[in-house]
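Presented below is the structure to which this report refers.
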Amino acid sequence: MIKINILGSGYMGKQIASLFTLIGFEVFIWYNRKETNLADNLDYEVKKLEKVLKLKNTGKINIIDQINELEENLTIETVKEDIDIKKNVINNLKYKKNIFSNTSSLRLSDIGQNINGFHFMNPISMKYIEICEKNNYSKEDLEIVIEKLKKISYQVINVQDTPGFLINKIIFKDISYFFYLIEKDNFNKQNILDIYKNKLNRNDPIRLINIIGVDTSLAILKNLNNYDKSFYVPETLQQAVSKNILGFKNKKLFKL
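In terms of the numbering used here, the sequence shown is residues 231 to 486.
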């Protein structure tokens with residue numbers, strides 16, 4: 231059985247760890263904050279995915295609080311979308327091989343030369359995965375993991391090392407322009423929301439932000455803006471985060 235390390239026990243870390251456990255891997259999740267009920271939360275995530283994906287759990291999950299205890303397994307970093315935090319966490323590993331990042335807005339080569347991409351959508355039940363294969367990893371292990379995911383209908387897309395890869399460039403370009411029209415061009419927000427949702431058949435930007443997390447959405451837009459100034463960073467998101475309005479993750483929903 232291939233073993234998988236997950237770095238970080240936040241919103242995405244728990245989801246990714248639970249998915250890999252569900253489909254039969256032994257998972258080691260390193261938690262970077264003192265979450266006393268992490269085991270219960272992981273059990274809840276696994277059971278939730280069992281219902282959504284109609285699968286029975288066949289794997290095992292282990293909680294690790296010392297990052298240097300992790301062995302050289304296929305490793306996916308899921309910590310905050312902050313390049314310094316990601317670098318610091320990865321640099322604390324005792325190995326340099328088989329390291330992937332779940333980053334959604336940073337260039338992999340800026341995180342480290344030995345970093346590959348393994349990007350899940352949020353929520354993880356959205357069955358798209360972006361893979362960026364660069365260097366210093368076990369192709370055999372990666373192929374086994376990808377085949378298991380494909381068997382439960384995940385679509386795997388190979389992407390280049392570019393900030394936001396492909397899917398987030400599309401999603402956040404839409405979100406960015408939605409706020410630009412409201413905050414800069416002063417269009418009626420309800421009219422724009424109606425056009426996005428009902429006339430153009432696009433996703434509801436407000437619901438997406440609440441699902442992804444207001445703070446995460448803001449960090450993604452800031453990071454994408456650093457690489458491409460056409461991504462607008464909304465003032466209203468910055469104000470919401472300053473008030474600890476983070477969306478579904480803390481049950482404080484962002485509203486226009």
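No residue lacks a Cβ here, since even glycine has one placed at the ideal position from N, Cα and C.
Remember, it's a predicted structure, so these values are computed and weren't measured experimentally.
Asked	Found
Contained alpha helix (DSSP H) runs [length at least 4] in the segment 412–468, N- to C-terminal order	419–424, 435–442 and 444–457
Secondary structure, beta strand (DSSP E): runs of 3+ residues fully inside the segment 344–375	346–350 and 358–362
Whole-angstrom distance between lysine 481 and threonine 392, CA atom to CA atom	32 Å
Per-residue DSSP class, three states only, for glycine 477	strand
Validate contact between the segment 331–347 and the segment 388–407 using beta carbons, cut 8 Å, 3 pairs	yes
Environment of glutamate 377 [buried if 16+ CB atoms lie within 10 Å]	exposed
Straight-line gap, isoleucine 234 to asparagine 303 (C-alpha atoms, nearest Å)	6 Å
Where the beta strand (DSSP E) containing glutamine 385 begins and where it ends	385–388
Cut-off 7 Å between Cβ atoms - residues of its own chain near isoleucine 232, not counting five sequence neighbours on either side	Phe255, Leu304, Asp371, Ile374 and Val375
Assumed close pair asparagine 298, asparagine 271 - CB separation to whole angstroms, cut-off 8 Å	That pair is no contact at about 24 Å.
Cβ-Cβ distance between alanine 269 and isoleucine 259 below 8 Å	no
Assumed close pair glutamate 311, threonine 466 - CB separation to whole angstroms, cut-off 8 Å	Not confirmed; about 19 Å, so no contact.
Neighbourhood of threonine 288 by C-beta, 6 Å cutoff - its chain only, sequence neighbours within 5 removed	Gly254
Residues bridged to isoleucine 236 [DSSP beta-bridge criterion]	Ile259 and Ile306
With 16 other Cβ atoms within 10 Å as the buried cut-off, status of asparagine 428	exposed
Cα-Cα separation, glycine 243 to proline 435	23 Å
Tyrosine 274 burial status per 10 Å Cβ neighbour count (16 or more: buried)	exposed
Through-space distance from isoleucine 387 to leucine 454, alpha-carbon basis	20 Å
Beta-carbon proximity of glutamate 413 to proline 464, cut-off 8 Å	yes
Which residues DSSP lists as bridging asparagine 292, in chain order	Phe258
Check whether threonine 251 and isoleucine 291 have beta carbons under 8 Å apart	yes
Close beta carbons around phenylalanine 408, own chain, < 7 Å, minus the five adjacent residues each side	Ile422, Tyr426 and Pro435
Per-residue DSSP class, three states only, for isoleucine 341	helix
Continuous beta strand (DSSP E) stretch holding serine 331: start and end	329–331
Which of helix, strand or coil DSSP assigns to lysine 284	coil
Per DSSP, the bridge partner or partners of lysine 482	Gly477
Proximity below 8 Å, CB of phenylalanine 348 to CB of isoleucine 315	no
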